[in-house]
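Numbering (the working numbering), first residue to last: 514 to 738.
In structure tokens, the structure reads:
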């Protein structure tokens, strides 16, 4: 499916993604309406990628893994409004699909020592940082945060070391970590601050956008084998 079939969904995603933060406190929208508005941001990206997946349906079926990751990110956007645990679980499942996807496209050559070390440092340090900034003294909660942080760190590391472009997919995955760390800080040592919310939403949305566009760009030139 050519770009003409994908572009409307990308524009729709941008419309909902860029406007969500500004309308989320509007008195004209109820909680359910805002939930669907929020979900439409990544939902548009999922539909856009679906057309690319359909084009390659008889080729690399592993593309469905990234589509599933986007679907669970979209579900996480909705669920997290009502419950942080259920939302986090949906995101964790999405990250697992993304890890498997990026592993299937891992970079076999051209990975420098510094790039390998960065991936290792992300996996080691992110869970530790997450537990420190969330730390509320409840061991079970801190361990849950650490486990989730380990999963997203592995997702980011696998994206960084994959054959997809680092300037979109790799950096996008790293920005995803920043968004989640601010969520942990907001629910932990920093507490609710007006300036944290836009950082969380826009860093998250642009992270997923960059990853999707990067994967999409690479898939376009892949042979249908």
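We put the CB at the ideal spot given by N, CA and C, even for glycine.
Beta-carbon proximity list for residue i, same chain, < 6 Å, skipping 5 on both sides
i: residue 664; result: 605, 608
i: residue 600; result: 589, 592, 593
i: residue 717; result: 692
i: residue 585; result: 603, 606, 607
i: residue 617; result: 575
i: residue 678; result: 727
i: residue 614; result: 578, 579
i: residue 530; result: 554, 718
i: residue 597; result: none
i: residue 644; result: 655, 658, 659
Burial state of residue i, where buried means 16 or more other Cβ atoms lie within 10 Å
i: residue 486; result: Residue 486 lies beyond the stretch modelled for the chain, which goes from 514 to 738, so this question has no answer here.
i: residue 725; result: buried
i: residue 623; result: exposed
i: residue 649; result: exposed
i: residue 535; result: exposed
i: residue 681; result: buried
i: residue 732; result: buried
i: residue 540; result: exposed
i: residue 641; result: exposed
i: residue 574; result: exposed
i: residue 652; result: exposed
i: residue 519; result: buried
i: residue 523; result: buried
i: residue 658; result: buried
i: residue 521; result: exposed
i: residue 610; result: buried
Nearest-angstrom Cβ-Cβ length linking residue i and residue j, presumed shorter than 8 Å
i: residue 695; j: residue 684; result: 17 Å between Cβ atoms; not a contact.
i: residue 639; j: residue 662; result: 5 Å
i: residue 676; j: residue 620; result: 5 Å
Contact check, residue i vs residue j, beta carbons under 7 Å
i: residue 525; j: residue 557; result: yes
i: residue 673; j: residue 632; result: yes
i: residue 553; j: residue 583; result: no
i: residue 646; j: residue 669; result: no
i: residue 562; j: residue 581; result: no
i: residue 612; j: residue 667; result: yes
i: residue 587; j: residue 729; result: no
Range of the contiguous alpha helix (DSSP H) that encloses residue i
i: residue 574; result: Unbroken run through residue 574: none, as it is neither H nor E.
i: residue 716; result: 709-733
i: residue 654; result: 652-673
i: residue 693; result: 684-699
i: residue 622; result: Careful: residue 622 lies outside any alpha helix (DSSP H) and carries neither H nor E.
Contact set for residue i: own chain, Cβ-Cβ below 8 Å, skip 5 residues either direction
i: residue 709; result: 695, 698, 699, 703
i: residue 723; result: 681, 682, 684, 685, 688
i: residue 542; result: 536, 550
i: residue 701; result: 646, 647, 648, 649
Cβ neighbours of residue i in the same chain (closer than 7 Å, five flanking residues each side left out)
i: residue 714; result: 533, 534
CB contact below 7 Å: residue i versus chain B
i: residue 627; result: Among the chains of the structure shown, chain B does not appear; only one protein chain is present.
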